[in-house]
Amino acid sequence: MAIDNPNTVDAVGIDPESGHAVLVIQDQMDWSDPAAHFRALQKKISSYVAFIQNGQLEVTAIHAKGRPPRIGIVMLFEPPASAVAILAGVGDELAKVGIDFGYGPLPEGYNRAN
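Just so we're aligned: the sequence shown equals residues 269 to 382 in my numbering.
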């Protein structure tokens, strides 16, 4: 389950600081083909938005009920500077439908499975 499988939710959790219900995308793709990378992200994000908007988040993850949604991408590879502006635009578009957005590396203290 990861970016290459757009029909699954990789993980759901609660951000202890913000209280958001966070749907995590595990992005293990490198950026050697940015167009392919963005196509994969677009499919996965669209699937997550549908999951949120059709009520499946609150049905599937009871602990998410009543919490604001957030889509978070955990990236194995740092995006190139040219991708950062596009990712910011994704965040702007998601904000318009009430979904918070963020991306970054695997947080400190977590081990990456090999």
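A virtual CB, placed ideally from N, CA and C, is assigned to each residue, including glycine.
Here the structure is a predicted model, which means the values were calculated and not measured.
- Here Gln294 is bridged, per DSSP, to Val342.
- With a threshold of 16 other beta carbon atoms within 10 Å, Leu374 falls short and is exposed.
- Note: Tyr371 is bridge-paired with Ile341 in the DSSP secondary-structure output.
- Per DSSP, the unbroken beta strand (DSSP E) holding Ala279 starts and ends at Ala279 to Ile282.
- In this model, Gln310 and Ser350 are separated by some 16 Å (Cα to Cα).
- Between the beta-carbon of Ile293 and that of Ile341 there is about 5 Å, and that keeps the pair under the 8 Å contact cut.
- No residue range can be given for Pro347, since it is assigned to no alpha helix (DSSP H) and is classified by DSSP as neither H nor E.
- Within the model, the alpha-carbon separation for Val277 versus Ser314 is close to 11 Å.
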